[in-house]
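With the numbering used here applied, the sequence shown corresponds to residues 749 to 913, in that order.
Glycine included, C-beta positions come from ideal geometry on N, C-alpha and C.
Predicted model, so just to flag it, every value in this text is computed and none were measured.
All remarks here apply to the structure that follows.
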Amino acid sequence: MSSCKNDVLLDDAFFRQLESQFPGGPQSPWFVYAILILQANDHMDLIGSTWEYVKSETPDEDELLVKARKMREALLKASVLVGFPKGINGCIALRKAILSSSPDLEKKLDQDPSLRQNLQRAEKDARGKAFFSRIYAQHTERVLDNMSNASGGDLFEFAINAVYG
Numbered sequence: 749m750s751s752c753k754n755d756v757l758l759d760d761a762f763f764r765q766l767e768s769q770f771p772g773g774p775q776s777p778w779f780v781y782a783i784l785i786l787q788a789n790d791h792m793d794l795i796g797s798t799w800e801y802v803k804s805e806t807p808d809e810d811e812l813l814v815k816a817r818k819m820r821e822a823l824l825k826a827s828v829l830v831g832f833p834k835g836i837n838g839c840i841a842l843r844k845a846i847l848s849s850s851p852d853l854e855k856k857l858d859q860d861p862s863l864r865q866n867l868q869r870a871e872k873d874a875r876g877k878a879f880f881s882r883i884y885a886q887h888t889e890r891v892l893d894n895m896s897n898a899s900g901g902d903l904f905e906f907a908i909n910a911v912y913g
């Protein structure tokens with residue numbers, strides 16, 4: 749059970765109730781949405797509580813590793829929207845929580861290669877555009893055109909390469 753600077757109390761009952769609101773049960777990415785809300789509202793102290801609950805409900809270590817990676821990636825990508833300081837603080841809060849409860853898992857995470865560093869520009873463009881297209885579906889070209897027109901092309905480039913690529 750954890751409380752934050754605003755005396756919000758998060759316990760297993762809270763997390764079970766939150767999880768029940770999302771379709772898919774244990775396979776739902778509800779925990780990703782939860783940490784993003786905490787990150788955006790500067791409740792980094794509660795990211796660890798979320799991790800502890802996810803860990804307690806995920807007995808399979810491989811599945812737990814996948815969830816940890818999803819959480820880390822979400823905190824990183826959201827930093828574009830909520831600000832890089834919150835991105836840094838969110839990632840650090842998650843890492844501290846994992847280190848304190850699952851040091852062997854953190855060692856595996858520390859060995860993960862960057863998902864971005866070794867990509868050639870064309871590969872990054874293709875990957876970013878494909879991911880963007882999955883999200884925006886039939887609206888992809890219109891959204892990209894609007895982003896490009898609104899920013900002299902910079903928003904388009906940034907989104908495809910830094911956010912989605």
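{"Asked": "Expected contact under 8 Å - CB spacing of serine 849 and lysine 815 to nearest Å", "Found": "With 8 Å as the limit, serine 849 and lysine 815 do not qualify as a contact, their Cβ atoms being about 13 Å apart."}
{"Asked": "Whole-angstrom C-beta distance between leucine 857 and arginine 838, which should lie under 8 Å", "Found": "Here residue 838 turns out to be glycine, not arginine, going by the sequence shown. Actually they do not touch by this definition, with Cβ atoms about 15 Å apart."}
{"Asked": "Cβ pair count under 8 Å reaching 3, the stretch 818–832 against the stretch 869–884", "Found": "no"}
{"Asked": "Sequence ranges, beta strand (DSSP E) only - wholly within the stretch 853–880, length at least 3", "Found": "none"}
{"Asked": "Segments assigned alpha helix (DSSP H), at least 4 residues, entirely inside the stretch 781–844", "Found": "795–804, 809–830"}
{"Asked": "Boundaries of the alpha helix (DSSP H) in which phenylalanine 763 is found, first to last residue", "Found": "760–768"}
{"Asked": "Within 7 Å, strictly: CB atoms of serine 896 and phenylalanine 904", "Found": "yes"}
{"Asked": "Cβ shell of serine 776 (< 8 Å), same chain only, five flanking positions each side left out", "Found": "Glu767, Phe770"}
{"Asked": "Buried or exposed (CB count within 10 angstroms, at least 16 for buried), serine 797", "Found": "buried"}
{"Asked": "Status (buried if at least 16 other CB within 10 Å, exposed otherwise) for isoleucine 883", "Found": "exposed"}
{"Asked": "Coil, strand or helix - proline 777 by DSSP", "Found": "coil"}
{"Asked": "CB contact flag (isoleucine 783, methionine 819, <7 Å)", "Found": "yes"}
{"Asked": "Under 7 Å between C-beta atoms of leucine 812 and leucine 758", "Found": "no"}
{"Asked": "Distance, phenylalanine 880 Cα to aspartate 893 Cα", "Found": "13 Å"}
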